[in-house]
Amino acid sequence: MSAGRVAVVTGAGSGLGRAISQALGGEGWSVVLAGRREEPLRRTAGSLAGGATSVVVPTDVGRPESVQALFSEVGRRFERLDLLVNNAGTFGPSASPEDVAYEEWRSTVDVNLTGSFLCAQAAFRMMRDQRPQGGRIINNGSLSAHTPRPNSIAYTATKHAITGLTKSLSLDGRRYGIACGQIDIGNAATEMTAAMSAGVRQADGSIAVEPTVDADHVARAVLYMAGLPLDANVLSMTVMATAMPFVGRG
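In terms of my numbering, the sequence shown opens at residue 21 and continues consecutively.
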């Protein structure tokens, strides 16, 4: 069912973006790899299963002209889009609210929220206008879309906002056959979470090592969401390390 289907994955140069791209490529998707730096994207392209079609498009998701160039290239190469995985993101500053500089706040919002909106907007337009009409958008949320960590106000605010973005896209996409869902991920083992092996600050101020879960498990969850027919949707899914201190009191 995946043969001939086209996906865009943002933040595809490493971590979850690479794992998701590999999973999609392994199932026969054509994958457009987007991210700021070309060399990591090319490494992802080289890691896809033999025969998988991939296109590398360096993209700054926070810049409208860069996002427009990305989706113009998708249209030129494939003439349609079946899936957008809005994965690009940054943790932003780790600081108490009074110590967060405006520039740090703005850069986090630009990538995590504005970037996700700009990519979703461009994908939505393509999916609305193409024939057959429709497609799917999967937003990378976070457990921080539900509960914050200490000193994470910019990241947490943007991930709460992603939930609103997901619900609005899901609602407004109904008439065009566009499905939108969100995957909230807790402690996937990637370069971004490597520090967890040395300990992470807890709500009581202590530092504790937290368990992680292999990024491939997250990629398989995304693959499941992406493989559904468009009359079915996973609006929200949580994938997390079983023993991480999220549910209950630790």
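Every residue, glycine too, gets a C-beta built ideally from N, C-alpha and C. Given the structure is predicted, the values throughout are model-derived calculations rather than measurements.
Selection Arg240, Ala263, Leu243, Met257 evaluated against Ala228 yields Ala263 as nearest (Cα-Cα). Using a 10 angstroms sphere on the CB of Pro113, the tally of other CB atoms reaches 16 or more, which defines it as buried. Cβ neighbours of Thr258 within its own chain (closer than 6 Å, five residues either side excluded): Asp204. Ranked by Cα distance from Val75, the first of Val29, Arg63, Leu53, Gly66 is Leu53. DSSP places Ala235 inside the alpha helix (DSSP H), whose first and last residues are 235 to 247. It is roughly 19 Å from the alpha-carbon of Asp102 to the alpha-carbon of Gly55. Here Asn132 carries a helix assignment [DSSP, helix/strand/coil].
Rounded to the nearest angstrom, the gap between the Cα atoms of Val105 and Pro168 is 23 Å. The Cβ neighbour count for Gly82, taken over all protein chains shown within 10 Å, is at least 16; the residue is labelled buried.
For Glu47 and Ser217, the gap between their C-alpha atoms comes out near 32 Å. Rounded to whole angstroms, the separation of the alpha carbons of Ser256 and Ala215 is 27 Å. A Cβ-Cβ separation of about 6 Å places Ala32 in contact with Arg38 under the 8 Å criterion. Val254 and Ser226 have their C-alpha atoms some 36 Å from each other.
Fewer than three beta-carbon pairs drawn from the segment 120 to 129 and the segment 53 to 72 are found closer than 8 Å, and the two stretches are therefore not classed as touching.
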